[in-house]
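> Residue numbering for the sequence shown follows the numbering used here, beginning at -15 and increasing consecutively.
All C-beta atoms, glycine included, are put in the ideal place defined by N, C-alpha and C.
Since we're looking at a predicted model, the values are computed, not measured.
I'd like to ask some things about the structure below.
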Amino acid sequence: MDLLQMTLDSIAAISPETLLWCGRGAAIVVALLALVAALADLRHDFWSMHQAAGERQEAIRSQGADLQERIAALSAALSVIAVQRTAMDEQGADPYEAAIRQARNGSPADVLIRACGMSRAEAQLLCRLYGASPPLDGRQPAVPHAL
């Protein structure tokens, strides 16, 4: 007898119920091997994603620290600008008030230029708006009448 014939004869001697259980067992083993392989792939994917998420989190943390530094620098610069603006407002208001007062007292534009450090155009404008001298064209300004 040849080997194939002996194998077939030995299989025929086994009951069909036993063969069915062997087939079921083999199918379960194959299914378990497939599940183990899938689990290994999932575990690898999980750790890859976990590592990528950690790297992204570190990058975001670094960007957040950079933004905090930039916000602090901008806040400091804004504070300096606010102090400078307050100082400029205080300085800017006083010379104009003094120049208006001098123009109302009849000071010419040359005096306003020297005393208040303003341009000729500014001094002439203040003299025309607030000065006691008549306009350049010789006409008297219109005086509003009370009702």
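(1) Report the rounded CA-to-CA distance for Leu51 versus Leu26, giving the unit in angstroms.
(2) Straight-line CA distance for Thr(-9) to Ile(-2)?
(3) Exposed or buried, what is Gln(-11) when buried is set at 16 or more other beta-carbons lying within 10 Å of its beta-carbon?
(4) What do you reckon, are the CB atoms on Ile84 and Leu110 nearer than 8 angstroms?
(5) Could you tell me if Gln86 is buried or exposed, where buried requires 16 or more neighbouring beta carbons within 10 angstroms of its beta carbon?
(6) Ile(-2) by DSSP, collapsed to three states: which one?
(7) Check whether the Cβ atoms of Ile97 and Ala107 lie closer than 8 angstroms to each other.
(8) Around the C-beta of Gly9, are 16 or more other C-beta atoms found within 10 angstroms, so that it is buried, or is it exposed?
(9) My output table needs one value for Gly38: the three-state DSSP class, helix, strand or coil.
(10) Tell me which residues share the same chain as Ala116 and place their Cβ nearer than 6 angstroms to its Cβ, disregarding the 5 neighbours each side in the sequence.
(11) Let's see if you can read the secondary structure: which residues bound the alpha helix (DSSP H) around Ala116?
(12) What are the boundary residues of the alpha helix (DSSP H) that includes Asp94?
In terms of the structure at hand:
(1) 36 angstroms
(2) If I take the Cα positions, the gap works out to 11 angstroms.
(3) exposed
(4) yes
(5) Looking at its Cβ environment, which holds 16 or more other Cβ atoms inside 10 Å, Gln86 is buried.
(6) Residue state, collapsed to three classes: coil.
(7) A contact, by the Cβ cut-off of 8 angstroms.
(8) exposed
(9) helix
(10) Gly90
(11) Premise fails: Ala116 is in no alpha helix (DSSP H) and is neither H nor E.
(12) Ala93 to Cys100
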